[in-house]
Amino acid sequence: MENTLFIYNSLTRKKEKFNPITPGHVGLYVCGPTVYGDAHLGHARPAITFDLLYRYLLHLGFKVRYVRNITDVGHLENDADEGEDKILKRARIESLEPMEIVQYYTNSYHHNMRQLNTLDPGIEPLASGHIIEQQLFIDRILKSGYAYEVNGSVYFDVKKYDKKYNYGKLSGRKLDDLISNTRDLEGQGEKKNPFDFALWKKATSGHIMHWPSKWSEGYPGWHLECSTMSTKYLGEEFDIHGGGLDLLFPHHECEIAQSTAANGKGAVHYWMHNNMITLNGQKMGKSLGNAVTLNDFFAGTHPLLEKAYSPMTVRFFILQAHYRSTLDFSNQALQASEKGLERLLNGVDDIEKIRPSGKTSIDLTSFEKKLYEAMNDDMNSPVMISHLFEGVKTIRQIIAGKETINQADLERLHGLYHAFVFDILGLQKIEKEGKQKDLSSDLIDTILNIRLKAKENKDFSTSDLIRDSLNKLGIEIKDKKDGFEWEVK
RNA sequence: GGUCGGUUGGCCGAGUGGCUAGGCAGCGGUCUGCAAAACCGCGUACGGCGGUUCGAAUCCGCCACCGACCUCCA
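Per the numbering used here, the very first residue in the first sequence carries number 2; after that it's consecutive.
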């Protein structure tokens, strides 16, 4: 199939036809989590959004190098020279080594992401594992003249950069506006300008996570790891960079500035940003204190949750909205997704029930075209899903004999559903393992309750039949005064 | 305050100058011993006020409200 994938590029604010730098190959970089707490619903959104992209690119036949970082260097809680870093703070609260915190929450993140059936990135680099590369990157920026050293720290000279390049081209900001709007923050003394950002920061005495450098014992700046690691693994120019919309400014703006200062050009061809999950119309965020963790969702252990929601329900819920729209969380919406998902998956199962006939009365070519058109239009998963639902209706009509399909087309239909539902949307059949475990014992209880009823009615032939039948299956029944007990021998 | 975005039926959520998005819930019917499932049918929604147009929810203007970013955040 001809590739006509269009992607909305945050940089140009337009949908653009996707043309990779190297035909057939895609370099994809996505901003991963800072591992200082359990992943919440907000983390699931970019993970699933870019998993969908990854899966779709693979489906289209691209060879994709997918890189997603883990931020394990603690960054300060605010843009002041003072302040504690998040990982350090967490380590202090839990009385653990910073690296124990990092390891614990990295494992937890991986576990949650696998529950959501996201494919693992090909490379998952750690910021702490690329300190030398980050220092070399700073050297290049210093050499080009867009950074300056003060007291062992190195800062990016935004004003100087803006004179030659345009600082703010991604976020649509103008430096003049930034100057007048920058808040007064403590400890900005070292910087030439308040909007300058750190490339290397000298560690204060209480700061445990630090590394030697020619400037000072310190640690890399907040935005540097992504520029450095994307360059290392994907090159000075690569195709797609993704992340949450909240990272657009300043994080991604600074990445562009760093790359441009170091290499004379912005590294990224297509910037993609997923929108936020909202709760009662407000962004769900760790710092806002309204984030519901994924573990809470899967276990149903949060006051806001009426029940537990399976990872697939959460995944489907997210895929039913377009990634650039905000998505409002509510129990009602989750439950609608849960039922919708069941309906869709039942529909896929029902394909097996179809008996082919000699002729095909439905338009499979048009169906297939609609699916690809929706995905090619900036990954419009909700529209694609709506077509799949329409298709389920058609499947039922074939089973009911109102439409017909021949053997070859049945295989095609089967193939389309498997490709789009399982390979591209990444949905899985709902695991009923937990239910099944309890099912057999519940079944025996049910049968024995029927036997009790029969005994009450003095229908002893039925009650004996039940007892003898169960005995044959190795189940011993012990009648009690007020009921029964049973045991598997 | 600056920049950007949004406001769609009971809920969620697409879309877009004229042609049924879809899901969930609801209502009526078929089926059924009852129920469930399945199937058929139903709602005529696009924040307000103007304007452009043969025709606007869709384009333009104004207003209202909500949100995001401007500080770490997915």
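Don't be surprised by glycine CBs; every beta carbon is placed ideally from N, CA and C. If you're wondering where the values come from, they're calculated on a predicted model, not measured in any experiment.
**Study point:** Close Cβ partners of Asn377 (< 7 Å) along its chain, the five nearest in sequence each way excluded
**Key:** Position 376 of the first sequence, counted from the first residue, corresponds to residue 377. Contacts found: Thr5, Leu6, Phe7.
Exercise for review: Could you have a look at Gly243 and say whether DSSP puts it in helix, strand or coil?
Suggested key: In the first sequence, counting from the first residue as 1, residue 243 sits at position 242. Gly243 carries a strand assignment under DSSP once its states are collapsed to helix, strand and coil.
Check your understanding: Taking the continuous alpha helix (DSSP H) assigned at Arg316, which residues delimit it?
Key -> As a first step, residue 316 is located in the first sequence; it is residue number 315 there, counting from the start. Counting along the chain, the alpha helix (DSSP H) containing Arg316 begins and ends at 312-320.
**Study point:** Closest Cα partner of Tyr324 within the set Pro34, Arg46, Gln398
**Key:** For this step, residue 324 is matched to residue 323 along the first sequence. For Tyr324, the nearest C-alpha among the options comes from Arg46.
Check your understanding: Between the stretch 64-75 and the stretch 18-34, are three or more C-beta pairs nearer than 8 Å?
Key -> yes
Practice item. Pull up the CB-CB distance for Ser326 and Gly219, whole angstroms please, since I reckon it's below 8 Å. Key: Within the first sequence, residue 326 is the residue found at index 325, counting from 1. Within the first sequence, residue 219 is the residue found at index 218, counting from 1. Between Gly219 and Ser326 the Cβ distance is about 41 Å, and since that is not below 8 Å, they are no contact.
Check your understanding: In the DSSP assignment, what residue or residues form a beta bridge with Arg69?
Key -> Position 68 of the first sequence holds residue 69. According to DSSP, Arg69 bridges with Val31.
Exercise for review: Look at the Cβ atom of Tyr166, then the Cβ atom of Thr261, and state whether they are nearer than 8 Å.
Suggested key: Reading the first sequence from its first residue, position 165 is the one you call residue 166. Reading the first sequence from its first residue, position 260 is the one you call residue 261. Yes, the Cβ-Cβ distance between Tyr166 and Thr261 is below 8 Å.
Exercise for review: List the endpoints of the continuous alpha helix (DSSP H) containing Gly341.
Suggested key: Sequence index remark: in the first sequence, residue 341 carries index 340 (1-based). Run containing Gly341: 332-351, per the alpha helix (DSSP H) assignment.
Check your understanding: Cα separation between Leu346 and Gly427?
Key -> Counting from one through the first sequence, the residue named residue 346 turns up at place 345. Counting from one through the first sequence, the residue named residue 427 turns up at place 426. If you take the alpha carbons of Leu346 and Gly427, they lie about 12 Å apart.
Review point. Should Ile133 go down as buried or exposed, given a rule of 16 or more other Cβ atoms within 10 Å for buried?
Key: Reading the first sequence from its first residue, position 132 is the one you call residue 133. Result: exposed.
Exercise for review: Look up Glu486 in the DSSP assignment and say whether it is helix, strand or coil.
Suggested key: Walking along the first sequence from the start, residue 486 turns up at place 485. Three-state result, Glu486: strand.
Practice item. Answer yes or no: do His131 and Thr35 have a C-beta to C-beta separation smaller than 8 Å? Key: The residue given as residue 131 occupies position 130 in the first sequence. The residue given as residue 35 occupies position 34 in the first sequence. In this structure, Thr35 does not lie closer than 8 Å to His131 by Cβ.
Review point. Taking one C-beta from the stretch 389-409 and one from the stretch 314-323 each time, how about it: are there three or more such pairs within less than 8 Å?
Key: no
Point to revise | Exposure of Glu187, with buried meaning 16 or more beta-carbon neighbours within 10 Å | key: If you number the first sequence from 1, residue 187 lands on position 186. Any reading at Glu187 must be qualified, since the residue scores a pLDDT of 44, below 50, and its modelled position is unreliable; the value itself is stated next. It counts as exposed.
Check your understanding: Any idea if Pro304 is buried or exposed, counting beta-carbon neighbours within 10 angstroms, 16 or more meaning buried?
Key -> Residue 304 sits at position 303 when you count from the first residue of the first sequence. Flag for Pro304 reads exposed.
Point to revise | C-alpha distance - Asp158 paired with Leu77, whole-angstrom precision | key: Your numbering for residue 158 matches position 157 in the first sequence. Your numbering for residue 77 matches position 76 in the first sequence. If I take the Cα positions, the gap works out to 20 Å.
Point to revise | Contacting residues, own chain, Cβ-Cβ under 6 Å from Thr405 (five flanking each side not counted) | key: Start at 1 with the first residue of the first sequence, and residue 405 comes out as number 404. Excluding sequence positions up to five before and after Thr405, its CB lies within less than 6 Å of the CB of Ser358, Lys360, Ser362, all in the same chain and listed in chain order.
Review point. Leaving out the 5 sequence neighbours to the left and right, which residues in its chain are closer than 7 Å to Glu150 when beta-carbon positions are compared?
Key: Counting from one through the first sequence, the residue named residue 150 turns up at place 149. Counting only Cβ-Cβ distances below 7 Å, and skipping sequence neighbours, we find Trp216.
Exercise for review: Could you tell me which residues DSSP pairs with Val151 in its beta bridges?
Suggested key: Along the first sequence, read from residue 1 onward, the residue named residue 151 stands at position 150. Val151 is bridged to Ser154.
Review point. Counting along the chain, where does the alpha helix (DSSP H) carrying Leu42 start and finish?
Key: Residue mapping note: residue 42 aligns to position 41 of the first sequence, counting from 1. Looking at the DSSP string, the run of the alpha helix (DSSP H) that includes Leu42 is 42-60.
Review point. CB Leu249 to CB Ser172, shorter than 8 Å?
Key: Counted from its first residue, the first sequence places residue 249 at position 248. Counted from its first residue, the first sequence places residue 172 at position 171. Yes, these two residues count as a Cβ contact at 8 Å.
Exercise for review: Taking Thr294 as part of the alpha helix (DSSP H), name the residues at either end of that continuous run.
Suggested key: Numbered from 1 along the first sequence, position 293 holds the residue referred to as residue 294. Per DSSP, Thr294 lies in no alpha helix (DSSP H) and is assigned neither H nor E.
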